[in-house]
Amino acid sequence: MHLTSLEMQGFKSFPERTVIEFHEGITAIVGPNGSGKSNVADAIRWVLGEQSVRSLRGDKMEDVVFNGTENRRAMGFAEVAINFDNSDQVLPLEYNHVRIVRRYYRSGESEYMINQTPCRLKDITALFMDTGIGRDGYSLVSQGKVDEILSTRSEDRRRIFDEASGIVKYKSRQLEAERKLARTDTNLIRINDILTELSDRISPLRSQSEKARIYLELASEMKKLDIALILHQLGGREEEANKLNETRAQLSNDLTTTEANIARGRKGYELVGQKIRDLEARTENLRVKHSGLLDQLSEKNNSIVLLKEQNRNFDKDKVEAKAEIERLARQQELLLAERETREHKRNVLLKQRSAFTEQLSEVTARYQAILNKMSDQAQAQENLRQQLAEMRERIFAVDTAQARFESESQLLKRQYENISQQLSQMEADLQEILQAQLEVRNQISAAETDVNSLVEKKNLNDKLLSEWERKVSDLETKKQKYIQKIRDYDYQREVLKKLEENLEGYLVPVKKIMQKLQAEPDFAPDVKGPLGSLIEVEEKYEVAIEVALGTSSNHIVTTTEESAKNLVEWLKESQSGRATFLPIETIKPKELSSNIVAFAKKSPGYLGIAAELISYPEEIENIVRYQLGRTLVCDDLSKALALAASLKYRCRIVTLEGDLVNPGGSITGGSLNFSASGIIGRSGRIAKLGKIREGLRAKNEELLTDLAAAHEELDHVTEIDEGVLTDIRSLREEISNYHVHLDALVANEEKLKEKLARERDIAEQLQVESATLEAKFLASQQDKTKDEELLLSLSAQIDKESSQRDTDRAERDRLRERETDLRVSLGSIEQSLDGITDFVRHLEEQAVSGRSRQAQLEKVIADSARGQSDNLGQLKQLDEDLEQLRHDISELALEVEEQNLKKDQLEGERLRLYQNLESQAESLAAIRGELGKLEEALLRIEHNNDQLRNRLWEDYELTVATAGEWRQEISNYNKSQRELNRLKAKIKDLGAVNLDAIKEFEAVQDRFSFMDGQREDIELSRQELTSLISELDQAMEEQFKIYFKEISLNFDTVFRELFGGGFAELSLADTDDLLNTDIIIKAQPPGKRLQNLSLLSGGERSLTAIALLFAIFRLKPAPFCVFDEVESTLDDANVIRFNNYIKRYSSGTQFILVTHRKGTMESAERLYGVTMQERGVSSIYSMKLSDYPAD
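Residue 601 in numbering that gives the first Met the number 0 sits at position 602 of the sequence shown, and the numbers go up by one each step.
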């Protein structure tokens, strides 16, 4: 088998379809760096199944698709096809030519094909397994692969040895077998868990299924007997009820007449009561209006007090501001006078400085001239001085000393006089600074007093502000509560509306009829609706009425019996179920006797008859009394039981919690799942919620008005607070300015004191120096007198020259003293000018600050006057409003008194009507007393019949009409009842019965048998897999051991040939674990000691790896081999050895060399050049070197 060609399209830098044909021997692919020659090797690796993007020199698989250039668009897929000649059937396919194709789309989809037949990557990997040319084989070698061969990571080099030894296919099968074994173990654990669970269930289900069969037999017998007994009881009670109804009809006529009389009396009584209530409502309205006027009166008075208080504050602010303005005016006058004084002093000093400067310039010029003259004289007299040197020097020294003493003494006297003058001036300045400090401190004290007053005012205002903020916060909280309540009631109302619209809570047949009516109003126009939707109940009685009605709340009220009949026919035709109808024209009321009612009223806990505790349309009164007329309502079960016992259990009593005491003494009760969304009174609750919501909305509107007023008052108080705070800030800023001024004065005081101390020290020092100079002068004068006497003879000779010289010297000394005095005076004047300039600048700042403050105070006075004017207008209006309010209040008081007189007259009329009603009620009670006994008997019969019919339906889903086929002849009722009780006892003895256990036991038994068979199959499969893995391990170890030894021997041989000596060997770290142990590579180039591979040079590492590859080739040659610049690190000599070795194997193996080494190109038989004439696009050019003879 050999490689015939490679086809690329859209792969990396080959967008065009490119075909490279390969022949036996050596083929070199050359080209400059970046031309794309290594992309050819990547294409071969990729088409053979390489999945590592890093090995393909990319970041993601999409990088293998041509990405476009400036002139070409990116391609949507990459495709590489590789063709093999398989004539020798090396590949296990029945084809002489094998074509492998791999296509990758930019969207991420991949396709693999073998001879145009789609396949999986796994199929391609298996095809080339153990041939040496797979993706993990040793036939595709790059520089990275060379490093991988010598890597310290065992798994990197292990793959090559496994491929060379031919155990890769065994390892693949072993891994597959291990994965299957792991899945088998998991399935076995799961099967065992399921079997354990099923075995635990079989035994209990077997006993439960037997019990269920017995139960079904007993239940069938009991059902037949129970239905027959119920039908027998119903038949006997119907005759008794007919007799009682005839007697009741006679008493009912008398009762109707009496009730009519009472109704007329009650109507008159109610009319008078309504008039009284109307008067009370009007009176209450007048009282509310009277209260509102009083509140307005109080509010107006409070406003007047507040406005007067504001006017007093405005007066106070104006007085304080005027006083402050006068003080600031006085301060401005003082500052102006002080500034003029300082300016005058500065002008005087400036004139002095100008005069002294001119004098200094003149004296300096004369001094320099005299010095020049004396220098000339000294040169002329140099010869004479040499003759009289010793004597003249002594005389000159004495004269010089005396002149210096005299000059210095005069200078010290003048300096002392100047310092004395400065000390006097500085002391005067210090007194002025101290006086200014006192004034500033007084100003600070006054301002702090004002600030404290304003702070007290602000604290009072803050308390008022806190109260209003708290009031606003409370009102906001209350508003949010109202809003939340409104939202809650809106939500409840909407929920109830949706429930009412969707007919939630009604039985399915009832719901279907009502939905039909909603869709077709003419379907049954005289249907009023379900009974539960036609009545309204107070929330307190909802549970009691719900229980008392029971399923009757779903009964549909119709006007006529014919309408009910039509609806029954419709239910049958549409197969919509069963429903109960209450025709208004046929239903008669059921009521308790007057004796029972009278007795019940006196009993504790009694609340009334159920029919009288609800509201309903007048037309359905008979139906309501039919359903609830014989039901009493008590507040709790204890009192209901006591009342029932007193009435000998002759009527039904229901409690507010829903507990029910039935006629005969049976009790129904317990927990009750009841919500406000029940059908009883739901429409009433919707209307009630609407009224509550409107009431809350009205209260919320009132609250919003109060909140707006509170906000307005809060803003007013806040505005006052901010004004006070502004005044405080202004005063504190003024105090801060005063403090700055005071600090400046204190600093000036300290500087002046320091300067005064220094000047005094200088004056004392000058006195000491002056006394010292005077003593020295006297001593030198004595010495001079002696010298003059000794040198008198010599002096005569030079009198003429000396006289002139002495005159010049005196003039020089005088000029020098004058220059010194002038410089000292100018320095003193400069210091004084600087101090005056700083002080004048400070005065300017004070004046500006005072003018600013004066403007603020004038604004305060104007604002106060304007506020007083506004308040006076409001006060006048408030006085007029007060007068009008007092007049309205007196008129309302008279009107209230008149309404009270009318109410007293109507109260007398209502009392007369009440007494008449009492007498009529006594007559009515007597008639009802006669009816009571009949009603009790009928109610007991009806209740018992209802219970029997309900039990017939609830237990067996039968009605009296449909239960005819179950009817039996009952000859002995008591005997039949005992037989029924015996059957019930047997069923009870069985305990809890699971009727589904029969089918469940059969299903679990079948599943257990199936799972048990599956477990046996899995265990057999596990044994086979374990045996296969063991056999594969043994085969791989034997084959690896043989091949590894051969490769080690070949490695040493090839290493010696390539290196020209040395030593190399392969060894295993653990000979007991051949398939997993590390492979140790030892290499010793000639002339070097045995060392670690990491210490080899780059070229030595590459040549060592190449030696190992050729050692594998000697054992198991691959059909072809691709070397991608593996010799790049070798020197020229080793390149020649490498190429010679390739030529040795080229007869049996194709070599494709990607290179840029000249020696490798020379050894190739065919060259393919890769260029990139267009940027980013590679092109292939071929040359067959064997056609050209060597030079």
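Note that CB positions come from ideal geometry on N, CA and C, so glycine has one too. Since the structure is predicted, the reported quantities are computational estimates derived from the model, not experimental observations.
According to the DSSP secondary-structure assignment, Ile-685 is paired through a beta bridge with no residue.
A buried status is given to His-740, since no fewer than 16 other beta-carbon atoms sit within 10 Å of its beta-carbon.
Shown here, Asp-1123 sits in a strand according to DSSP, grouped into three states. Val-347 is classed as exposed because its beta carbon has fewer than 16 other beta carbons within 10 Å across all chains shown. For Phe-1054, the enclosing alpha helix (DSSP H) stretches over residues 996-1058. The beta carbon of Ala-1106 sits closer than 6 Å to the beta carbons of Val-1053, Phe-1054 and Leu-1057 from its chain, once the five residues preceding and following it are set aside; these are given in chain order. Assigned with DSSP and collapsed to three states, Glu-78 falls in strand.
Taking the Cβ atoms as the reference, Ala-1104 lies roughly 20 Å from Ile-25, outside the contact range of under 8 Å.
Val-1169 carries a strand assignment under DSSP once its states are collapsed to helix, strand and coil.
Within the same chain, Cβ atoms closer than 6 Å to the Cβ of Leu-306 are found at Asn-870, Gln-873 and Leu-874, the five residues on either side in sequence being excluded.
If you check the CB distance, Leu-570 and Pro-508 come in under 7 Å.
Taking each of Leu-856, Asn-241 and Asp-833 in turn and checking the Cα distance to Leu-730, the smallest one comes out for Leu-856.
For Thr-17, there is no enclosing alpha helix (DSSP H); the enclosing beta strand (DSSP E) covers residues 17-20.
The C-beta distance from Leu-930 to Ser-637 rounds to 29 Å, too long to fall under 8 Å, and the pair is not in contact. For Gln-919, same chain residues with a beta-carbon under 8 Å away, outside a window of 5 residues either side, are Thr-257, Asn-260, Ile-261 and Gly-264 in chain order. Assigned with DSSP and collapsed to three states, Ile-1079 falls in strand. The C-beta separation of Met-74 from Val-64 comes to about 6 Å, placing the pair in contact by the 8 Å criterion. Shown here, Glu-110 sits in a strand according to DSSP, grouped into three states. C-alpha of Gly-576 to C-alpha of Val-567: approximately 9 Å in a straight line. Asn-661 is the residue among Gly-657, Ser-614 and Asn-661 whose C-alpha sits nearest the C-alpha of Cys-650.
Note on geometry: alpha-carbon atoms of Val-439 and Arg-852 lie some 16 Å from one another. Unbroken beta strand (DSSP E) stretches of 3 residues or longer found wholly inside the segment 512-584: 526-529, 555-557 and 580-582, given in chain order. Burial of Leu-453 is indicated by the presence of at least 16 other C-beta atoms within 10 angstroms of its C-beta. Phe-1119 and Ile-1151 do touch by the CB rule: their CB atoms are close to 7 Å apart, below 8 Å. The segment 25-39 and the segment 1162-1182 touch, with three or more beta-carbon pairs separated by less than 8 Å. In the structure shown, the three-state DSSP call for Gly-963 is helix. Residues Arg-102 of the same chain have their beta carbon placed closer than 6 Å to that of Glu-110, with the five preceding and five following residues left out of the count.
Residue range 1157-1162 is occupied by the alpha helix (DSSP H) that includes Gly-1158.
In the structure shown, Gln-115 adopts coil according to DSSP, grouped into three states.
Nearest Cα to Ala-864 within the set Phe-313, Leu-891, Ile-418 and Leu-751: Phe-313. Pairing Lys-690 with Arg-492, the inter-Cα distance amounts to about 11 Å. Beyond the five residues adjoining it in sequence on each side, Ile-734 comes within less than 8 Å, by CB distance, of Ile-443, Ala-446, Glu-447 and Val-450 in the same chain, given in chain order. With the rule of 3 Cβ pairs closer than 8 Å, the segment 549-563 does not count as touching the segment 588-605.
Beta-bridge annotation (DSSP): His-1 is paired with Asp-84. Looking at the backbone, the Cα of Ile-1179 and that of Met-7 are separated by about 11 Å. In the DSSP assignment, Glu-978 falls within the unbroken alpha helix (DSSP H) covering 972-989.
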